[in-house]
Amino acid sequence: MNFQFQILTGYAYGALQPGVILKARHVPDAANQLSENLAVFLENLPPPEQDVVSVHTDAGLDDDHLLVRLVEAVHLVGLECGDLRLTPILWTRVDDAVQVYVPTLSPKLIIWAFKTIVENLEARSDPMTANIQAEFMDQIMQKSLRLLPSGTNARSLIDSAAARRMPFYIFDRKHIVFGYGAGSHVMSSSITDRESGIGVTLAKSKAATNRYLRLSEFPVTKQAMVRSFEDVKLFAETNGFPIVLKPTAEEQGRGGT
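What the sequence shown shows, in numbering that gives the first Met the number 0, is residues 0 to 256, in sequence order.
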């Protein structure tokens, strides 16, 4: 088997999102150990929350072809990690090769996941057990955190942009460009490039933000700085429940109730 990868930013070509073009040659039709291991691997993956069209029949391949199953595995693993497909997976045949276009938020994730799945399943003499596969998926998901846009806000903004057919470019994990040219905005989480330095400083401190909004007569919840469990108990006695605990300078809404 021979695989080649090409990354498309999408942004410059009018596509909704980046993508990977996989060019595959000499993929066997007959069943082998890889295909058997892959079949069990797919059975143990959770069903996808997003339905994505994958028109492999355009390349003359049936549902059980090894390449079709490999792309399905990478697609499902990517979704499990938090990836997103805004357009169908496209297939075509060029001379002696099959080309597959996989839309993604992280081309690096798709390429790395494809290689990792092939290398691990090809090297095994028998399929993964459910426990081994769970550990394998944990490792992939940990790695994916460094390859996908960070935070829940980024995903929500991308969903909204896609719904409005707005082009976006993932500059790096923390910064996404929405729109083109002079009309574009760079965003980091929910902060834009138009925000002042003072605004950013206030936004990064939950205590300062609460005080500022209260000063401006916005309806905000009661808040207190706590440094010990006794402080929490004292606040609960006067404020009641529920109580949300958050680090003062933590971003992306992390905290516990």
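Quick reminder that beta carbons are idealized off the backbone N, C-alpha and C, glycines included.
Query	Result
Relative to the C-alpha of Asp-28, which residue among Leu-120, Ala-161 and Asp-63 is closest?	Asp-63
Applying the 10 Å Cβ sphere with the 16-neighbour rule, what's the burial state of Thr-56?	exposed
Among the residues of its own chain, which have a CB less than 6 Å from the CB of Val-99, if the five just before and after it don't count?	Leu-21, Val-70 and Trp-90
What does a CB cutoff of less than 7 Å around Ala-112 pick up in its chain, not counting 5 residues either side in sequence?	Val-73, Val-76, Gly-77 and Ile-139
Determine contact between the segment 136-150 and the segment 79-87, defined as no fewer than three beta-carbon pairs at a distance below 8 Å.	yes
Does the segment 124-141 touch the segment 162-171, meaning 3 or more C-beta pairs lie closer than 8 Å?	no
Using only the alpha-carbon positions, how far apart do His-184 and Phe-217 sit?	27 Å
Secondary structure at Ala-23, three-state DSSP: helix, strand or coil?	strand
Here's the rule I'm using: 16 or more other beta-carbon atoms within 10 Å means buried, otherwise exposed. How should Asn-36 be labelled?	buried
Comparing C-alpha positions only, which one of Lys-107, Pro-47, Phe-40 and Asp-95 sits nearest to Ile-169?	Lys-107
For Gln-3, which residues from the same chain have a beta carbon less than 7 Å from its beta carbon, with the 5 sequence-adjacent residues on both sides left out?	Lys-22
Nearest-angstrom Cα distance between Val-52 and Thr-128?	29 Å
Consult DSSP for Ala-129 and reduce its assignment to one of helix, strand or coil.	helix
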